[in-house]
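Chains as they are written, first to last, in the working numbering: chain A, 1 to 255; chain B, 1001 to 1255.
Glycine is no exception: its CB is placed at the ideal position from the N, C-alpha and C atoms.
Keep in mind the model is a prediction, meaning the values are calculated, not measured.
Just below is one structure, and these are the notes that go with it.
Protein chains: 2
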Amino acid sequence: MSAKPLILVTNDDGISSKGIRSLVEVARFFGDVLVLAPDKPQSGMGHAITVNHPLRLDKSILFEGLNAYTCTGTPVDCVKLAIYEVLNRKPDLLLSGINHGENTSTNILYSGTMSAAVEGAMENIPSIGFSLADFHADADFRATQLVAQELIANALKGDYPEHVCLNVNVPKGTPEELKGIKVCKQAYGFWEDRFDKRLDQFNKPYYWLTGEFTDHDKSEDSDLYAMRQGYASVVPTQFDMTCYKTMNFFKTWEK
Amino acid sequence: MSAKPLILVTNDDGISSKGIRSLVEVARFFGDVLVLAPDKPQSGMGHAITVNHPLRLDKSILFEGLNAYTCTGTPVDCVKLAIYEVLNRKPDLLLSGINHGENTSTNILYSGTMSAAVEGAMENIPSIGFSLADFHADADFRATQLVAQELIANALKGDYPEHVCLNVNVPKGTPEELKGIKVCKQAYGFWEDRFDKRLDQFNKPYYWLTGEFTDHDKSEDSDLYAMRQGYASVVPTQFDMTCYKTMNFFKTWEK
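Structural data, given as structure tokens:
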């Protein structure tokens, strides 16, 4: 048995994206890598799991010299399949991404990349989701690779806290342009959605989800603020969604 | 224009389920109801949104005398379509459910029912997700209807706090068996997953996600505890996932 750490790598853009390839390049310096990623893009899948259909799991030849699989499910399905079917143990580290496009602020809730990392936190595995603020298929991931190298080294030191994962976002640009790494809180921001309504060949309407993201956060310790200043943002992320500050208000509704 | 409150009702089991029908029966006493729900079961979809496909939106005849639509998307898509395409305004109240099956503890992350309510909270609409601990298609929703009646009346009083929704779970049983309503925190519990591996007609494997849920929470103020005592649990729920207690630890990783 190897003494190297076992590192699970997944993503939501699918196994053939440049983002996961860039992350695996870094991860393999640190340990034995298992890649298990969706066979197609799964952006916006959030914490979805596949309960009404069965899943397929297939070997992938895309990562030479590595153990790699694709599955037909979501990023969270990938994490569950890796732990409970392929490895039959928990990896020492879970990495997700690098996402093509940023996942700052409340976008964490829609993000398949980050939901895989949150699932890792639920399994008590040190977990990091990486996103680059660039949607291009051939984006420059070098700055994110440097950030990943730094954070992976820290995460493997052995003192990583329990049941927490990291939401890491990196601004578009070269490694030289990156100002540094800042630990932040999730910014308070929302989508002002709209739908692009079009007509099909039978004159029946269909709708594309679109919109503008609005930052409602005035504070200087948010991930959006750090990103605007040219820093990579790191948000420690947990999964207790209880709103403790309104508990007393709602207690008056008890029966 | 009506002075009645405008109430949006959605779910994740699909528009033809008994759960949403039971919730609409209660909601229509309180205001003008718009139903916009998925055209098929969307359990386990979490906070997924549809970004890589267009959506269809169709009138439904299932709710006599009401404005009702189905869409091809997820519960969160339904909320967005209702606000930004059908209503062109925010409803005064958003109700989701009644889910066939409970959504206590960390199941909130996987739940389409609750993700619709969380989306409502992000839109700053008073929002409540209801779930009954009974998977039956013909489950007895009367106890949950009573709880809904109580909570909807409170939510419409005008002093509902900002950016918070409620995760309401009701134990299986008759209205007489229900002990009351308790405001709780989200219990600390997890799935011990496993996959049921089967072989298809070509001897190729496929996998069904299954598992056991384990309650790791010893406290008496959790939703799981309240449910086990025979109470309906109400967890005030927010969407800032920042892990504030580990911020100082991770600050040492800054560069």
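So residue i and residue j are supposed to be a Cβ contact under 8 Å. How far apart are they, rounded?
{"i": "S1115 of chain B", "j": "H1047 of chain B", "result": "4 Å"}
{"i": "F250 of chain A", "j": "V1234 of chain B", "result": "6 Å"}
{"i": "L132 of chain A", "j": "L151 of chain A", "result": "Not a contact, Cβ separation roughly 14 Å."}
{"i": "D215 of chain A", "j": "G189 of chain A", "result": "4 Å"}
{"i": "V1183 of chain B", "j": "L1095 of chain B", "result": "In fact, because the Cβ distance is near 18 Å, the residues do not count as touching under 8 Å."}
{"i": "F1130 of chain B", "j": "V1079 of chain B", "result": "15 Å between Cβ atoms; not a contact."}
{"i": "L1093 of chain B", "j": "I1007 of chain B", "result": "5 Å"}
{"i": "L156 of chain A", "j": "P175 of chain A", "result": "Actually they do not touch by this definition, with Cβ atoms about 22 Å apart."}
{"i": "L34 of chain A", "j": "A82 of chain A", "result": "6 Å"}
{"i": "F1202 of chain B", "j": "M241 of chain A", "result": "Rounded, the Cβ-Cβ distance is 43 Å, inconsistent with contact."}
{"i": "Y1084 of chain B", "j": "D159 of chain A", "result": "That pair is no contact at about 46 Å."}
{"i": "F1029 of chain B", "j": "P1005 of chain B", "result": "Between P1005 of chain B and F1029 of chain B the Cβ distance is about 11 Å, and since that is not below 8 Å, they are no contact."}
Within the 9 Å Cβ cut-off, does residue i reach chain A?
{"i": "V1026 of chain B", "result": "no"}
{"i": "P1005 of chain B", "result": "no"}
{"i": "L1156 of chain B", "result": "no"}
{"i": "P1175 of chain B", "result": "no"}
{"i": "D1077 of chain B", "result": "yes"}
{"i": "S1016 of chain B", "result": "no"}
{"i": "C1205 of chain B", "result": "Checking the sequence, you will find Pro at residue 1205 of chain B rather than Cys. Chain A, which has a Cβ nearer than 9 Å to the Cβ of P1205 of chain B, makes this yes."}
{"i": "A1083 of chain B", "result": "Note on identity: in this sequence residue 1083 of chain B is Ile, with Ala being the wrong assignment. Interface residue, yes."}
{"i": "T1144 of chain B", "result": "no"}
{"i": "T1113 of chain B", "result": "no"}
{"i": "K1251 of chain B", "result": "yes"}
{"i": "E1102 of chain B", "result": "no"}
{"i": "P1161 of chain B", "result": "yes"}
{"i": "L1008 of chain B", "result": "no"}
{"i": "K1080 of chain B", "result": "yes"}
Establish whether the CB of residue i and some CB of chain B are separated by less than 9 Å.
{"i": "M1 of chain A", "result": "With a pLDDT of 45 at M1 of chain A, under the threshold of 50, the modelled position of that residue is not reliable, and the figure given next carries that caveat. Not closer than 9 Å to any Cβ of chain B, the Cβ of M1 of chain A fails to qualify, so no."}
{"i": "I108 of chain A", "result": "yes"}
{"i": "D240 of chain A", "result": "yes"}
{"i": "M122 of chain A", "result": "yes"}
{"i": "E212 of chain A", "result": "no"}
{"i": "S96 of chain A", "result": "no"}
{"i": "L151 of chain A", "result": "yes"}
{"i": "V118 of chain A", "result": "yes"}
{"i": "L256 of chain A", "result": "Limits of chain A in this structure are 1 at one end and 255 at the other, which puts residue 256 of chain A out of reach."}
{"i": "F135 of chain A", "result": "no"}
{"i": "K172 of chain A", "result": "no"}
{"i": "H227 of chain A", "result": "Looking at the sequence provided, one finds Met at residue 227 of chain A rather than His. It does not: the Cβ of M227 of chain A has no partner Cβ on chain B nearer than 9 Å."}
{"i": "Y69 of chain A", "result": "no"}
{"i": "N254 of chain A", "result": "First, the residue type needs correcting, since residue 254 of chain A is Glu and not Asn in the sequence shown. It does; some Cβ of chain B falls within 9 Å."}
{"i": "L199 of chain A", "result": "no"}
{"i": "V234 of chain A", "result": "yes"}
{"i": "L224 of chain A", "result": "no"}
{"i": "Y244 of chain A", "result": "yes"}
{"i": "L132 of chain A", "result": "no"}
{"i": "K218 of chain A", "result": "no"}
{"i": "L36 of chain A", "result": "no"}
Considering only the beta carbon of each residue, do residue i and residue j sit closer than 9 Å?
{"i": "M247 of chain A", "j": "K1185 of chain B", "result": "yes"}
{"i": "S1111 of chain B", "j": "G1044 of chain B", "result": "yes"}
{"i": "N1011 of chain B", "j": "P1091 of chain B", "result": "no"}
{"i": "I1098 of chain B", "j": "A1148 of chain B", "result": "yes"}
{"i": "V86 of chain A", "j": "L1209 of chain B", "result": "no"}
{"i": "A268 of chain A", "j": "L178 of chain A", "result": "A question about residue 268 of chain A goes unanswered here, because the residues of chain A that appear run from 1 up to 255."}
{"i": "C1243 of chain B", "j": "P205 of chain A", "result": "no"}
{"i": "D1223 of chain B", "j": "A1187 of chain B", "result": "yes"}
{"i": "K255 of chain A", "j": "G1180 of chain B", "result": "yes"}
{"i": "L225 of chain A", "j": "P171 of chain A", "result": "The displayed chain sequence assigns Tyr, not Leu, to residue 225 of chain A. Not closer than 9 Å, so no."}
{"i": "L259 of chain A", "j": "Y69 of chain A", "result": "The structure shown has nothing for residue 259 of chain A, since chain A only spans 1 to 255."}
{"i": "A1139 of chain B", "j": "H1100 of chain B", "result": "yes"}
{"i": "Y997 of chain B", "j": "K1218 of chain B", "result": "Outside the modelled stretch of chain B, which goes from 1001 to 1255, sits residue 997 of chain B, for which no answer is possible."}
Using a beta-carbon distance below 9 Å, is residue i in contact with chain C?
{"i": "F63 of chain A", "result": "The structure shown contains no chain C; its protein chains are A and B."}
For the ligand FAD, I want to know if residue i counts as a neighbour, meaning its beta carbon is within less than 8 Å of at least one of the ligand's heavy atoms.
{"i": "M1247 of chain B", "result": "In the structure shown, the ligand FAD is absent, as is every other ligand, since no ligand is present at all."}
Taking a cut of 7 Å between CB atoms, which residues from the region 39 to 61 of chain A lie near chain B? P41, S43, G44, M45, G46, H47, A48, I49, T50, V51, N52, P54, L55, R56 and L57
Residues of the region 1180 to 1197 of chain B whose Cβ lies closer than 9 Å to any Cβ of chain A, in chain order: G1180, I1181, K1182, V1183, C1184, K1185, Q1186, Y1188, F1190, W1191, E1192, D1193, R1194, F1195, D1196 and K1197
Would you call the region 1122 to 1131 of chain B in contact with the region 1030 to 1043 of chain B, where contact means no fewer than 3 C-beta pairs closer than 8 Å? no
Cβ pair count under 8 Å reaching 3, the region 13 to 21 of chain A against the region 56 to 71 of chain A: yes
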